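Below: the structure, in structure tokens.
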Amino acid sequence: MPREIDLFGVLIPGVLPVFLLSMALQGVLDHALSHLGAYRHSWHPALARLCLFVCIFSALLITLYQ
1 MPREIDLFGV LIPGVLPVFL LSMALQGVLD HALSHLGAYR HSWHPALARL
51 CLFVCIFSAL LITLYQ
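The numbering of the sequence shown is UniProt numbering, which starts it at 1 and goes up by one.
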């Protein structure tokens with residue numbers, strides 16, 4: 001994976017596509033979990049959402065860099 005991607009003369013980080021994909025996956029999972037009522041059992045729903053995003057992002061990065 002390249003460290004930087006040239007997008008019309010602007011250099012963006014190479015992990016940006018992985019970050020955007022993990023945001024999309026987290027949005028879908030967040031919608032499903034809130035529809036199922038899983039956040040009612042959580043002490044701090046915002047912290048649970050953040051942890052879910054970090055887990056998705058790091059799992060995608062680990063699979064990408066192996």
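We treat Cβ as the ideally placed atom computed from N, Cα and C, and that holds for glycine.
This one's a predicted model, so the numbers in the text were calculated from it and none came from an experiment.
For residue i, the three-state DSSP class (helix, strand or coil)
i	result
V15	coil
Y65	coil
residue 67	Residue 67 is absent from the structure shown; the chain starts at 1 and stops at 66.
S58	helix
H44	coil
Residues that residue i bridges to, as DSSP identifies them
i	result
D6	L11
Cβ separation of residue i and residue j, assumed to be a contact under 8 Å, to the nearest whole Å
i	j	result
L61	V15	7 Å
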